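In our numbering, the protein residues as written are 1230 to 1474.
Glycine included, C-beta positions come from ideal geometry on N, C-alpha and C.
Note that this is a predicted model, so its numbers are computed, not measured.
Here is the structure we will look at.
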Amino acid sequence: MLYWNLALLFGVGSIAGFINVNAGGGSSLTLPALIFMGLDGVTANGTNRIALLVQNIFAVASFHKNKMSQFKTSFHLALFTLPGAVIGAIIATRISSALFERILGIVLIFIVLSMLFPHSYKNKNTGSRNWLIYPSLLVIGFYGGFIQAGVGFLFMAALYHLLRVDLIKVNMHKVFIILIYTIPALFVFMYTDHLNWKYGLALAAGNALGGWLGVHAAVKGGEKIIRIILCIAIIIMAIKLFGVF
């Protein structure tokens, strides 16, 4: 059973890693998967960070290999997420698993709603800056430290609409920022003993593969079908988290 769980997590992680790099929402698959395998909500939340750390290391390296990196700017932006991420992670370790799973269920429903409406992104590479990006990053950092699921959508909206850079650069900055704030968040979960290393490393291997592939490929055909399947899967997971069945 253990090896089956590890193999399943590798598969889920591969899908989630690809989704995370290209848009966001991969944790809406990995978190419920970890919970359904017997982890309590808080430990699943912490264990997921192992995979996110490895995934984004591979994604950042892949962007750099493809000559798409602005480390100085990405790090500058990431610094504003750190206070929120640490506070969010601390709060996440101090609430009950039952409450976390209810919150996660609500978040999953909102993710489904956001997926039902296509995002109309157009390339507007003006390079302009807006001071609102900084408080936005602080708030998004808190959310990322607390629950993570769907944070990619928030980063894409903030970076695109406030910095007005094209989507390739949005994703480039996004994976670097998440990598940086995941480090202190992971330490918070590790310090409070809310990690399962076996499950986390299996998930991380899948996330790394998916993240690496995600940088090299863009979803072309079949996006509508993928969106429908993901919505159905997330709805079932949310219902399960609410204890309906």
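If you drop the 5 nearest sequence neighbours on each side, which residues of the same chain put their C-beta closer than 6 angstroms to that of residue i?
| i | result |
| --- | --- |
| Lys-1353 | Interpretation of Lys-1353 is limited by its pLDDT of 49, a score under 50 that renders its predicted location unreliable; the figure taken from the coordinates is listed afterwards. Counting only Cβ-Cβ distances below 6 angstroms, and skipping sequence neighbours, we find Arg-1393. |
| Ala-1321 | Asn-1274 and Phe-1375 |
| Ala-1290 | none |
| Thr-1355 | Residue confidence is low: Thr-1355 scores 44 on pLDDT, short of 50, so the model does not pin down where it sits. No coordinate-derived value is stated. |
| Phe-1405 | Val-1289 and Ser-1303 |
| Met-1385 | Val-1399 |
| Met-1266 | Asn-1234 |
| Trp-1441 | Phe-1287 and Ser-1291 |
I need the boundaries of the alpha helix (DSSP H) containing residue i, first residue and last residue.
| i | result |
| --- | --- |
| Gln-1377 | Premise fails: Gln-1377 is in no alpha helix (DSSP H) and is neither H nor E. |
| Lys-1403 | 1396-1420 |
| Gln-1299 | That residue, Gln-1299, is in no alpha helix (DSSP H); it is neither H nor E in DSSP. |
| His-1423 | Segment: none, His-1423 is in no alpha helix (DSSP H) and carries neither H nor E. |
| Arg-1323 | 1311-1323 |
| Asn-1359 | That residue, Asn-1359, is in no alpha helix (DSSP H); it is neither H nor E in DSSP. |
| His-1293 | 1270-1294 |
| Phe-1260 | Note on residue identity: the sequence assigns Leu, not Phe, to residue 1260. Element bounds for Leu-1260: 1256-1265. |
Please report how far the alpha carbon of residue i lies from the alpha carbon of residue j, in whole angstroms.
| i | j | result |
| --- | --- | --- |
| Gly-1242 | Ile-1286 | 15 angstroms |
| Phe-1247 | Leu-1361 | 29 angstroms |
| Asn-1359 | His-1305 | 14 angstroms |
| Phe-1382 | Leu-1366 | 13 angstroms |
| Ile-1409 | Ala-1307 | 6 angstroms |
| Ala-1327 | Lys-1294 | 43 angstroms |
| Tyr-1232 | Leu-1415 | 25 angstroms |
| Thr-1411 | His-1423 | 15 angstroms |
| Lys-1296 | Ile-1397 | 12 angstroms |
| Leu-1391 | Gly-1334 | 29 angstroms |
| Val-1336 | Phe-1300 | 31 angstroms |
| Ile-1455 | Leu-1342 | At Ile-1455, the pLDDT of 48 sits below 50, so the modelled position is not reliable; the number obtained from the coordinates is stated separately. Each residue's alpha carbon lies about 15 angstroms from the other. |
| Lys-1449 | Ala-1245 | Legend: pLDDT at Lys-1449 = 44, less than 50; position of this residue unreliable, no value from coordinates given. |
| Ile-1264 | Asn-1425 | 12 angstroms |
Taking C-alpha atoms, which residue in the options lies nearest to residue i?
| i | options | result |
| --- | --- | --- |
| Ile-1407 | Gly-1317, Ile-1335, Gly-1370 and Gly-1254 | Gly-1370 |
| His-1402 | Thr-1421, Leu-1391, Ser-1298 and Phe-1418 | Ser-1298 |
| Met-1419 | Ser-1303, Val-1315 and Phe-1265 | Val-1315 |
| Thr-1272 | Ala-1437, Val-1417 and Ala-1434 | Val-1417 |
| Arg-1323 | Phe-1265, Thr-1421 and Leu-1260 | Thr-1421 |
| Asn-1234 | Trp-1441, Gly-1429 and Leu-1442 | Gly-1429 |
| Gly-1313 | Ala-1236, Pro-1364 and Leu-1438 | Pro-1364 |
| Val-1368 | Thr-1310, Trp-1441 and Ala-1236 | Thr-1310 |
Using C-beta distances below 8 angstroms, list every residue in its chain close to residue i, excluding the 5 sequence neighbours before and after it, in chain order.
| i | result |
| --- | --- |
| Ile-1340 | Gly-1254, Ser-1257, Ala-1378, Gly-1379, Phe-1382 and Ile-1463 |
| Gly-1451 | Residue placement at Gly-1451 is flagged as unreliable, the pLDDT there being 42, under the threshold of 50; a coordinate-derived value is accordingly withheld. |
| Ala-1434 | Phe-1239, Gly-1242 and Val-1283 |
Sorted by chain position, which residues of the same chain lie with C-beta nearer than 7 angstroms to residue i's C-beta, five sequence neighbours on each side aside?
| i | result |
| --- | --- |
| Arg-1278 | Thr-1411, Ala-1414, Leu-1415 and Phe-1418 |
| Ala-1262 | Leu-1238 and Val-1241 |
| Ile-1319 | Val-1417 |
| Tyr-1372 | Gly-1317, Val-1380 and Leu-1383 |
| Ile-1332 | Ile-1376 |
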